[in-house]
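Asker: Taken in order, these protein sequences are the chains called A, B, C and D. Counting in our numbering, the first sequence runs from 983 upward without gaps. Counting in our numbering, the second sequence runs from 983 upward without gaps. Counting in our numbering, the third sequence runs from 983 upward without gaps. Counting in our numbering, the fourth sequence runs from 983 upward without gaps.
Protein chains: 4
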Amino acid sequence: MPDRKIQIGVIGAGSCTEKQADAAFRVGREIARRDAVLVCGGLGGVMEAACRGAKDAGGITVGLLPTSRKGDANPYVDIIVVTNMGHARNAIIAHSSDVLIAVGGEYGTLSEIALSLKIGKPVISLENRWDIKDVITVPGPENAVETAFRFLQQ
Amino acid sequence: MPDRKIQIGVIGAGSCTEKQADAAFRVGREIARRDAVLVCGGLGGVMEAACRGAKDAGGITVGLLPTSRKGDANPYVDIIVVTNMGHARNAIIAHSSDVLIAVGGEYGTLSEIALSLKIGKPVISLENRWDIKDVITVPGPENAVETAFRFLQQ
Amino acid sequence: MPDRKIQIGVIGAGSCTEKQADAAFRVGREIARRDAVLVCGGLGGVMEAACRGAKDAGGITVGLLPTSRKGDANPYVDIIVVTNMGHARNAIIAHSSDVLIAVGGEYGTLSEIALSLKIGKPVISLENRWDIKDVITVPGPENAVETAFRFLQQ
Amino acid sequence: MPDRKIQIGVIGAGSCTEKQADAAFRVGREIARRDAVLVCGGLGGVMEAACRGAKDAGGITVGLLPTSRKGDANPYVDIIVVTNMGHARNAIIAHSSDVLIAVGGEYGTLSEIALSLKIGKPVISLENRWDIKDVITVPGPENAVETAFRFLQQ
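1) Would A:Gly1122 and A:Cys998 qualify as a contact pair, given that the criterion is a beta-carbon distance under 8 Å?
2) If the criterion is Cβ atoms closer than 8 Å, does the pair C:Ala1076 and C:Leu1097 meet it?
3) So what's B:Ala1032 in DSSP terms, helix, strand or just coil?
4) From D:Met983 to A:Asn1056, what distance separates their C-alpha atoms?
5) Could one say the Cβ of B:Asp1113 lies closer than 8 Å to chain F's Cβ atoms, at least one of them?
6) Go through the stretch 988 to 1029 of chain A residue by residue and report every complete run of the beta strand (DSSP E) that reaches 3 residues or more, in order.
7) In whole angstroms, give me the CA-to-CA distance for D:Ile1095 and D:Ala1006.
8) Which two residues bound the contiguous beta strand (DSSP E) that contains B:Thr1047?
9) Taking A:Asp1060 as the reference, give the member of D:Ile1101, D:Ala1070 and D:Val1044 with the closest Cα.
10) How many angstroms separate the CA atom of B:Glu1124 from the CA atom of D:Gly991?
11) What three-state label does DSSP hand D:Leu1108 in the structure shown?
12) By Cβ distance below 7 Å, which residues in the same chain neighbour A:Asp985 in space, the five residues on each side in sequence not counted?
13) Inspect the beta-carbon positions of B:Ile1062 and B:Lys1052 and report whether they are closer than 8 Å.
14) Sorted by chain position, which residues of the same chain lie with C-beta nearer than 6 Å to D:Gly996's C-beta, five sequence neighbours on each side aside?
15) Could you name the residues of chain B that A:Gly1045 contacts, counting a contact when the two beta carbons are closer than 9 Å?
16) C:Arg1016 and C:Phe1131 - do their beta-carbons sit closer together than 8 Å?
17) Just the Cα atoms here: how many angstroms apart are C:Tyr1058 and D:Arg1011?
18) Starting from D:Ala1070, find everything on chain B with Cβ-Cβ shorter than 9 Å and list it in chain order.
19) Listing by chain order, which chain C residues have their CB less than 8 Å from the CB of B:Ile1062?
20) Take the Cβ of C:Glu1000 as the centre, count every other Cβ of all protein chains shown within 10 Å, and call the residue buried at 16 or more, exposed below.
21) Give me the chain D residues within the contact set of A:Ile993, using Cβ-Cβ distance strictly less than 9 Å, ordered along the chain.
22) Closest Cβ-Cβ distance between B:Ser1050 and chain D: below 8 Å?
23) Just the chain B side, please: which residues come within less than 7 Å of A:Ser1093 by C-beta, in chain order?
24) Got a sec, what are the start and stop residues for the alpha helix (DSSP H) B:Val1127 sits in?
25) Among the candidates B:Ile993, B:Ile988, B:Gly994 and B:Glu1030, whose CA atom is the shortest distance from the CA of B:Ile1013?
26) Is it the case that the Cβ atoms of C:Val1117 and C:Thr1129 are separated by a distance below 8 Å?
27) Would you tell me roughly how many angstroms separate the C-alpha atoms of D:Asn1066 and A:Asp1080, rounded to the nearest one?
28) In terms of residue numbering, what span does the beta strand (DSSP E) encompassing A:Ala1084 cover?
29) Using DSSP with H/G/I as helix, E/B as strand and the rest coil, what is A:Ile1114?
30) Can the beta-carbon of B:Tyr1089 be found closer than 8 Å to that of A:Lys1103?
31) Considering only the beta carbon of each residue, do D:Ala1039 and D:Leu1020 sit closer than 8 Å?
32) Can you check which of these residues, B:Ser1078, B:Met1029 and B:Leu1082, is closest to C:Asp1054 by C-alpha distance?
33) Does any C-beta atom of chain A lie closer than 8 Å to the C-beta of B:Met983?
34) Between A:Val1064 and the rest of its own chain, which residues show a CB-CB distance below 8 Å, the 5 nearest in sequence each way excluded?
35) Check whether the Cβ of A:Tyr1058 lies closer than 8 Å to any Cβ atom in chain B.
36) Taking the C-alpha atoms as reference points, what is the distance between C:Asn1072 and D:Gln1136?
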């Protein structure tokens, strides 16, 4: 059997605060340090910061773009998947991730969280602004990744 | 210019309480009475009850199935769109509806609500269990459809 | 059991010759005369001519748009499904049609023909420019629809 | 600007002859030797042989599965993208590849070839069984990859 890397989704908005970018960077870096692959939507904001963190620690990043052009990916995406499907690509992110970590986010992120929970994927968040029962809230970025791995070992 | 019918999405879970089914039936019936097309996910529960209501009033129903077989549609769907895309078809329901009405629902419905708000479609609900700012809560089924039409006239 | 209408896909390019438009019109009209629903990609050219033919005979037309705006549908589409998925919507047309009729077409149509054959749907064409073994070639528009119905009765 | 790897799609059927598997292996190996990423549908047959070739030369492989489970990927896929979209994922393979190489194939592959040509991607093939004008036919596996790179340098 192949000894495959774990794939962790990082979800959040395409524009974000400096504090959220810092959290996303640290989430991405911790994912790479633990030798998992970072999966995201490939654009800016939280997605870009997380990819930058993963590359900072020598990791691999995958960006599932909603648009039709590879050039829309942020500079820290290694593997570019061009879906050309708009928000329908959120379902592909949910299916492709073993576990997901949300950093901030607006309605796009909420749809991603809901889809992930619908198909039985654990969702970890640094905050829980919509008060969704099954979202696991954690205090910090490194803790989010640690919690993700703990779930996968169960 | 074509004088096209308004398309109203009705979203909710594939299994539901009798009270929700009654509300969905009345929503569907009112949509048909106002000569709009009912768009839904094509399965059971809220979707079936809404379609049944629409057919009761002589309306037209469209079901966007997540699966690959026409036979999975409930008996009250006229036009069957077979997406074979699982929950990714929720994005198509959001895009195809001029306005959406939620009846109850679980995480699948939450993802649909979030996607709809993300792309700027009004979402009306008989309850607002996740306390989402932009969801418009109304007291009853007929009122939901009336509110939907009011939004479209703006 | 519901007595559902047959759904017949008409596929072809978004711009076409006058002769192809005439053939598509007659295909659409014959589909409507036989009380089937016309499913297509919703745009111009062959799709628009077929929808015009169906409406001429009082039929129902469904357009599965590749884009994100209802306004992109041709004026003869009744039910607009907004997929926002580009050419990936071709798979939805194939799945949603009981049988497909091709009128002319370029690479988009070829992909549609191949997908349809892949999932076991009969494909009928007025010409067979790519010499594909399983495509059924017929001499005229009305004959195409007649052949489609013959297949469905088997 | 990021110095991104080229992404080359390898398309072909999920079951194939030994000769086709050998050709696919050599295509995959040559892709990896030239430091490009191999993109494919993630399943068996031509896809598995190409991935095995790429891993033999230390390359990176991406599998875009039509199904909903990571476990459906062949053992030589590094990055698993779970689309859960059936043949609609063919459009994502076309969009995500800078150039595509076909090895044998049936109707699924034909749909992939047609979609790729439709969106302007070069398609190279070791044979041209459907006699499609814009497919570039080459005599051998290594030559296919060499031709792919020549196209990208233009």
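We put the CB at the ideal spot given by N, CA and C, even for glycine.
Answerer: Straight from the coordinates:
1) no
2) yes
3) helix
4) At D:Met983 the pLDDT is 47, less than 50, meaning the model places this residue with poor confidence; the figure from the coordinates comes in the next sentence. Taking the straight line joining both Cα atoms gives about 10 Å.
5) No chain F is part of this structure, whose protein chains are labelled A, B, C and D.
6) 989 to 993 and 1019 to 1022
7) 16 Å
8) The residue asked about is misnamed: residue 1047 of chain B is Leu in this sequence, not Thr. Per DSSP, B:Leu1047 belongs to the beta strand (DSSP E) from Thr1043 to Leu1047.
9) D:Val1044
10) 52 Å
11) coil
12) Within its own chain, no residue has a Cβ closer than 7 Å to the Cβ of A:Asp985 once the five positions on either side in sequence are excluded.
13) yes
14) Leu1025, Gly1026 and Gly1027
15) Within chain B, no residue has its beta carbon less than 9 Å from that of A:Gly1045; the closest one is some 18 Å off.
16) yes
17) 51 Å
18) Going along chain B in sequence order, the residues near D:Ala1070 (Cβ under 9 Å) are Thr1065, Asn1066, Met1067 and Ala1070.
19) Arg986, Gln989 and Ser1078
20) exposed
21) By Cβ distance, chain D contributes nothing, its closest Cβ being about 16 Å from A:Ile993, past 9 Å.
22) yes
23) Ser1093, Ala1096, Leu1097 and Lys1100
24) Pro1123 to Gln1135
25) B:Ile988
26) no
27) 15 Å
28) Per DSSP, the continuous beta strand (DSSP E) segment holding A:Ala1084 begins and ends at Val1081 to Ala1084.
29) coil
30) In this structure, B:Tyr1089 lies away from A:Lys1103, with their beta-carbon atoms at least 8 Å apart.
31) Going by C-beta atoms, D:Ala1039 is not nearer than 8 Å to D:Leu1020.
32) Selected option, being the one with the closest Cα: B:Ser1078.
33) The predicted model places B:Met983 with a pLDDT of 47, which falls under 50 and marks its position as unreliable, so this point remains unresolved.
34) Leu1047, Thr1049, Ser1050, Arg1051 and Lys1052
35) no
36) 31 Å
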